[in-house]
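Worksheet: one structure, shown below.
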Amino acid sequence: MNPSVEFAAMVAERLLTRYGEPEWRNPLPAIDELVSTILSQNTNDQNRDKAFFALVDKYDTWEAVRVAPEADVIECIRPAGLGNQKGPRIQKVLNDIVAERGKLDLGFLKEMGVEEARNWLTHFNGVGPKTAAIVLCFSLGMPAFPVDTHIYRVSGRLGLRPEKISVEDAHPLLEALFAKDQYFQAHLNIIRLGREVCQARKPRCPDCALVDMCKYSKNAQKL
DNA sequence: GCCCAGGTGGGTA
DNA sequence: TACCCACATGGG
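One point on numbering: in the numbering used here, the residue at position 74 of the first sequence is 60, and numbering is uninterrupted.
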């Protein structure tokens, strides 16, 4: 299997035909996106939002979150799960940003190359490649391609990546495969595809009928 | 009850 | 290097 840029472009094109251009929501400030994405780890959007807005409602600023008692933050973000990890990590990130940059603002990342910015973000405990890519791509409009479990799984089924490759290695590979101006829509539409197929596979919907785009199979490239 | 959801980091072989 | 696992909650 030799995934090609052409095939990736075709996948992106078919996804566009099926799902359309994803709505570009008003980008969150990078700090907000960072916190929101840490909260989103291993949970769903609904629970992430509960936790995120609980934080926003309780504290006027991220500075207030930064200096809040740890137990209060943990309690606040409980709906997102893993609060004992995420709470201290979020506060540590906020603290370190202030320590290193003097203020809670990540705008300076735009002045860096995407790799430098990625490395800077991932040096924080709790910020991995996916979280960093979300902040860079969604908030700062930089060319990073976030690979989450949906992207990883679907890209395997579609033959966009070698089967035996780690999530970590899939990151740069997929990033190189898609055109930079396709990252946003490809990311969101592949997730939609993943969710659709995932739901279709559940017992109550035995007829997957898969997705008419490239059949959800390992031979997709041949279709 | 059980399974899963837009990860990450630490441990083990 | 390559897996494996803990971490926690809410909804279907």
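The beta carbon of each residue, even a glycine, is placed where N, CA and C say it ideally should be. Predicted model, so just to flag it, every value in this text is computed and none were measured.
- Query: For Asp167, which of helix, strand or coil comes out of DSSP?
  - Reply: helix
- Whole runs of the alpha helix (DSSP H) within the stretch 45 to 108, excluding any shorter than 4 residues: 48 to 53, 56 to 62, 69 to 87 and 100 to 108
- Task: Taking only the alpha-carbon atoms, compute the straight-line gap between Asp167 and Asp82 and give it to the nearest angstrom.
- Result: 32 angstroms
- Assuming Asn33 and Ala66 form a contact by the criterion Cβ under 8 angstroms, report the distance between their Cβ atoms to the nearest whole angstrom. 5 angstroms
- Could you tell me whether the Cβ atoms of Val100 and Ala54 are closer together than 7 angstroms? no
- In terms of alpha-carbon separation, which member of Lys150, Asp155 and Val121 lies closest to Tyr169? Val121
- How many whole angstroms separate the CB atoms of Pro8 and Ser125, which I take to be in contact at a CB cut-off of 8 angstroms? Incorrect: roughly 15 angstroms between the Cβ atoms, too far for contact.
- Item | Cutoff 8 angstroms; reference Arg181; Cβ partners in own chain excluding five residues on either side | His136
- So which of Lys150, Glu154, Leu2 and Glu49 has the shortest CA-CA distance to Lys78? Glu49
- Query: So Leu146 packs on Ala(-6), CB below 8 angstroms; how close in whole Å?
  - Reply: 6 angstroms
- May I ask you to report which of helix, strand or coil DSSP gives Ala(-2)? helix
- Query: Is Glu161 helix, strand or coil by DSSP?
  - Reply: helix
- Message: Please tell me whether Leu95 and Ala85 are closer than 7 angstroms, where the distance is taken between their beta carbons.
- Response: no
- Met(-13) to Glu19, Cα distance in whole Å? With a pLDDT of 45 at Met(-13), under the threshold of 50, the modelled position of this residue cannot be trusted, and the question is left open.
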